[in-house]
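Novice:
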Amino acid sequence: MAALVDAALADLAGNGALTLAEAQRLAQAAEAVALAMGLAIVVAVADPAGAPMLLHRMDGALPASTDIALNKAFTAAAFRMATHELGELAQPGRPLYGVQATNQGRVVLFGGGYPCRRNGAVGGAIGISGGTADQDMRIAACALHTLTRDSGLLPEGGKTHE
15 MAALVDAALA
25 DLAGNGALTL
35 AEAQRLAQAA
45 EAVALAMGLA
55 IVVAVADPAG
65 APMLLHRMDG
75 ALPASTDIAL
85 NKAFTAAAFR
95 MATHELGELA
105 QPGRPLYGVQ
115 ATNQGRVVLF
125 GGGYPCRRNG
135 AVGGAIGISG
145 GTADQDMRIA
155 ACALHTLTRD
165 SGLLPEGGKT
175 HE
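So, in structure tokens, the structure goes:
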């Protein structure tokens, strides 16, 4: 999955924040992957400050997945890193231990949230909830990869799959 994630995190073409059209494409791509995996998920897309721009809840998604997806997108945007990477830094003895108690408890430390980069800057973030953390990560990475591919960018290293 590492190659898929690397490819997904390639910069998007253009400048500035994600557009609503891009957020909608992310949600459509994530839903397609989730359907193929037999999952009902929630997709949240946030702007660079972590404010929600799009919320997409599939039929049958768990009610709790709504807040989790929103908080994953918020965390990835606010901290400028994937939620699982922040989780590694927040373990006991690590530099960000206890960070999950900040921001009114909105900080998520498990997988499924990724920043969307454009020209090296965070242009927004995606949060997925509804599967396991690994499934959520795969869905988010595939959605991001679809958007970077559609924008005309080649993924880092030219790899298009795991």
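Here the working numbering is used: the first residue of the sequence shown is 15, the next is one more, and so on. Note that beta-carbon positions come from the ideal geometry of N, C-alpha and C, so glycine has one too.
Given this structure, state the Cα-to-Cα distance separating Pro-62 from Val-56, to the nearest angstrom.
Specialist: Near 19 angstroms, if we compare the C-alpha coordinates of Val-56 and Pro-62.
Novice: Consult DSSP for Met-151 and reduce its assignment to one of helix, strand or coil.
Specialist: Three-state DSSP puts Met-151 in a helix.
Novice: What are the residues that DSSP puts in a beta bridge with Gly-107?
Specialist: According to DSSP, Gly-107 bridges with nothing at all.
Novice: On a CA-only basis, which of Asn-133, Thr-116, Leu-158 is nearest Gly-127? Give me that one, please.
Specialist: When only C-alpha atoms are compared, the closest one is Leu-158.
Novice: Who pairs with Ser-143 in a beta bridge, going by DSSP?
Specialist: In the DSSP output, where bridge partners are listed per residue, Ser-143 has Val-56.
Novice: Comparing alpha-carbon positions, which option in Ala-35, Gly-74, Arg-94 lies nearest Val-122?
Specialist: Selected option, being the one with the closest Cα: Arg-94.
Novice: Would you be able to state if there are at least three C-beta pairs under 8 angstroms between the stretch 32–49 and the stretch 65–77?
Specialist: The stretch 65–77 vs the stretch 32–49: in contact.
Novice: Roughly how many angstroms lie between the CA atoms of Ser-13 and Thr-146, to the nearest whole one?
Specialist: Residue 13 is absent from the model: the chain starts at 15 and stops at 176.
Novice: What three-state label does DSSP hand Ala-48 in the structure shown?
Specialist: Ala-48 falls in the helix class under three-state DSSP.
Novice: Comparing alpha-carbon positions, which option in Gly-138, Ala-154, Val-136, Pro-66 lies nearest Gly-144?
Specialist: Gly-144 has its Cα closest to that of Ala-154, out of Gly-138, Ala-154, Val-136, Pro-66.
Novice: How big is the Cα-Cα spacing for Leu-68 and Pro-109?
Specialist: Straight-line Cα distance between these residues: approximately 32 angstroms.
Novice: Please report the distance separating the alpha-carbon of Glu-176 from that of Glu-45.
Specialist: Here Glu-176 scores only 36 on pLDDT, less than 50, and its place in the model should not be relied on; the value that follows carries that caveat. Distance between the alpha carbons of Glu-176 and Glu-45: 20 angstroms.
Novice: Return the CA-CA distance between Cys-156 and Ala-43, expressed in angstroms with no decimal places.
Specialist: If I take the Cα positions, the gap works out to 7 angstroms.
Novice: Using DSSP with H/G/I as helix, E/B as strand and the rest coil, what is Val-113?
Specialist: Helix, per DSSP.
Novice: Using 8 angstroms as the threshold, is the C-beta distance between Val-59 and Gly-138 below it?
Specialist: Their beta carbons are under 8 angstroms apart, which means Val-59 touches Gly-138 by this criterion.
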